[in-house]
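Colleague: Before anything else, here's the structure in question.
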Amino acid sequence: MAPREQSTKRIALMAMQSMHQRSIPLQRSRVKLFGWILVLVGVLLMGAGLALSVPTWQFVDRAESLSGVVVELVHSGERKGSVYYKPRVRVERPSGESVEFVGRVGSSPSAYRMGEKVSVYLDPARPEDIRLKGFIELWGFAASTGGVGTVFFLIGASLGFIRLWNRRKLARLRQQGDLVLASFDRVEIDTSTTYNDRHPWRVYAHWVDPTTGQRHVFSSEMLWQDPGDRFESQPVRVYVARGNPREYAMDLSE
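Right, here's the structure in full:
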């Protein structure tokens, strides 16, 4: 092979190794940013859910409780082959006037029956504001908004907690544990974890305890970018607790 070709291949190999070395800090920063975004969106949605619930609290506080009867099941739409119905309810106001209104939430099959007696709330200050008693009718939209926000917040917070836990564990084992140089085994996709139709990678390595002859297998934290063959030609640094190699932290930093 010509010296120029060897030099070109060497430069390309060095560039690829440099790219892989930068990929782990980059993917960690992206996970951190994604976690903060989820937390922020979650807080906003939880706040929106709380704000949406305030008018309902005020309505329930000033409303009168009355009885009504279901006089019709109103077709409210179809979705995925299911027909949804809302109840039309007749109620008698304190003034003696009989009025009808349609519930806010449709269901399939209908949650009500013709002739069924139901409880309703009526706002004395706005007699036209009549609502069925029931969690979904009164709180459904606010609860779903706040619920989605709670899920986002918990996912984002858990990502941050896992990162913090791993970082503190590595720092503790660096100070109190022992460094072992493990032999690289493989990079494997972790199909047990999925986000946005993607699976993370994990680095696997092993080390044989010279005092006991026991073989220990180590795995890295989740990596959202392929580390490639960065570790194939070098040992993998792993910090283990003294006397307990099952407690460990893999150090993939430079």
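Counting with my numbering, you get residues -11 to 242 for the letters of the sequence shown.
Every residue gets a Cβ at the ideal spot worked out from N, C-alpha and C, and that includes glycine.
In this text, all values refer to a predicted model and were calculated from it rather than measured experimentally.
Can you tell me whether residue 209 is buried or exposed, with buried defined as 16 or more other CB within 10 angstroms of its CB?
Modeller: Taking the sequence shown and counting its residues from 1, one reaches residue 209 at position 221. Residue 209 is buried by the Cβ-count criterion.
Colleague: For residue 77 and residue 108, what's the separation of their Cα atoms in angstroms?
Modeller: Sequence index remark: in the sequence shown, residue 77 carries index 89 (1-based). Sequence index remark: in the sequence shown, residue 108 carries index 120 (1-based). Approximately 9 Å, taken between the alpha carbons.
Colleague: Determine the DSSP secondary structure at residue 125, reduced to helix, strand or coil.
Modeller: Along the sequence shown, one-based indexing puts residue 125 at 137. Residue 125 falls in the helix class under three-state DSSP.
Colleague: For residue 112, does the three-state DSSP call read helix, strand or coil?
Modeller: By 1-based counting over the sequence shown, the position of residue 112 is 124. In the structure shown, residue 112 sits in coil (DSSP, three-state: anything other than H, G, I, E or B).
Colleague: In its own chain, which residues sit with a C-beta less than 6 Å from the C-beta of residue 226, not counting the 5 before and 5 after it?
Modeller: Within the sequence shown, numbered from 1, the residue matching residue 226 stands at position 238. The residues are 168, 170, 206, 236 and 238.
Colleague: Have a look at residue 91 and residue 147 and give me their C-alpha separation to the nearest angstrom.
Modeller: Mapped onto the sequence shown, residue 91 falls at position 103. Mapped onto the sequence shown, residue 147 falls at position 159. Rounded to the nearest angstrom, the gap between the Cα atoms of residue 91 and residue 147 is 41 Å.
Colleague: Measuring straight from C-alpha to C-alpha, what distance separates residue 114 and residue 50?
Modeller: Here the question's residue 114 lines up with position 126 in the sequence shown. Here the question's residue 50 lines up with position 62 in the sequence shown. For residue 114 and residue 50, the distance between alpha carbons rounds to 10 Å.
Colleague: Restricting to runs no shorter than 3 residues, where is the beta strand (DSSP E) found entirely within the segment 128 to 157?
Modeller: Runs of the beta strand (DSSP E) lying entirely within the segment 128 to 157 and spanning at least 3 residues: none are present.
Colleague: Report the rounded CA-to-CA distance for residue 70 versus residue 93, giving the unit in angstroms.
Modeller: Reading the sequence shown from its first residue, position 82 is the one you call residue 70. Reading the sequence shown from its first residue, position 105 is the one you call residue 93. Those two C-alpha atoms are separated by around 15 Å.
Colleague: Reducing DSSP to helix, strand and coil, say where residue 175 ends up.
Modeller: Position 187 of the sequence shown, counted from the first residue, corresponds to residue 175. Residue 175: strand per DSSP, three-state reduction.
Colleague: Using a threshold of 8 Å, state whether the C-beta atoms of residue 129 and residue 30 are closer than that.
Modeller: As a working note, residue 129 is residue 141 in the sequence shown. As a working note, residue 30 is residue 42 in the sequence shown. Contact flag unset, no.
Colleague: In the DSSP output, which residue or residues are listed as bridge partners for residue 192?
Modeller: Residue mapping note: residue 192 aligns to position 204 of the sequence shown, counting from 1. Residue 192 pairs with 174 and 207.
Colleague: Using a threshold of 8 Å, state whether the C-beta atoms of residue 173 and residue 188 are closer than that.
Modeller: Along the sequence shown, one-based indexing puts residue 173 at 185. Along the sequence shown, one-based indexing puts residue 188 at 200. Contact: no.
Colleague: Nearest by alpha-carbon distance to residue 63: which of 55, 74, 57 and 53 is it?
Modeller: Numbered from its first residue, the sequence shown carries residue 63 at position 75. When each option's Cα is compared against that of residue 63, the closest is 74.
Colleague: Just to confirm, is the Cβ distance from residue 41 to residue 105 under 8 Å?
Modeller: For the purposes of this step, residue 41 is taken as the residue at position 53 of the sequence shown. For the purposes of this step, residue 105 is taken as the residue at position 117 of the sequence shown. With respect to residue 105, residue 41 sits apart: the two C-beta atoms are not nearer than 8 Å.
Colleague: When you compare each of 157, 48 and 96 to residue 61 by their alpha carbons, which one comes out closest?
Modeller: Counted from its first residue, the sequence shown places residue 61 at position 73. Ranking 157, 48 and 96 by Cα distance to residue 61 puts 96 first.
Colleague: Between the beta-carbon of residue 124 and the beta-carbon of residue 26, is there less than 8 Å?
Modeller: As a first step, residue 124 must be located in the sequence shown, where it is residue number 136. As a first step, residue 26 must be located in the sequence shown, where it is residue number 38. No, these two residues do not count as a Cβ contact at 8 Å.
Colleague: Tell me whether residue 218 sits in a helix, a strand or coil according to DSSP, three-state version.
Modeller: The residue you call residue 218 lines up with position 230 of the sequence shown. The answer is coil: DSSP assigns residue 218 none of H, G, I, E or B.
Colleague: With a threshold of 16 other CB atoms inside 10 Å of the CB of residue 203, please say whether the residue is buried or exposed.
Modeller: Here the question's residue 203 lines up with position 215 in the sequence shown. Exposed.
Colleague: Alpha carbons only, please: which of 102, 118, 112 and 98 is nearest the one belonging to residue 87?
Modeller: As a first step, residue 87 must be located in the sequence shown, where it is residue number 99. The option with the nearest alpha carbon to residue 87 is 118.
Colleague: For residue 191 versus residue 219, is the C-beta spacing smaller than 8 Å?
Modeller: Stepping through the sequence shown from its first residue, residue 191 is reached at position 203. Stepping through the sequence shown from its first residue, residue 219 is reached at position 231. Cβ distance < 8 Å, so residue 191 and residue 219 count as in contact.
Colleague: Determine the contact status of residue 133 and residue 36, defining contact as a CB-CB distance below 8 Å.
Modeller: Against the sequence shown, residue 133 aligns to sequence position 145. Against the sequence shown, residue 36 aligns to sequence position 48. Yes, the pair counts as a contact, with Cβ atoms nearer than the cut-off.
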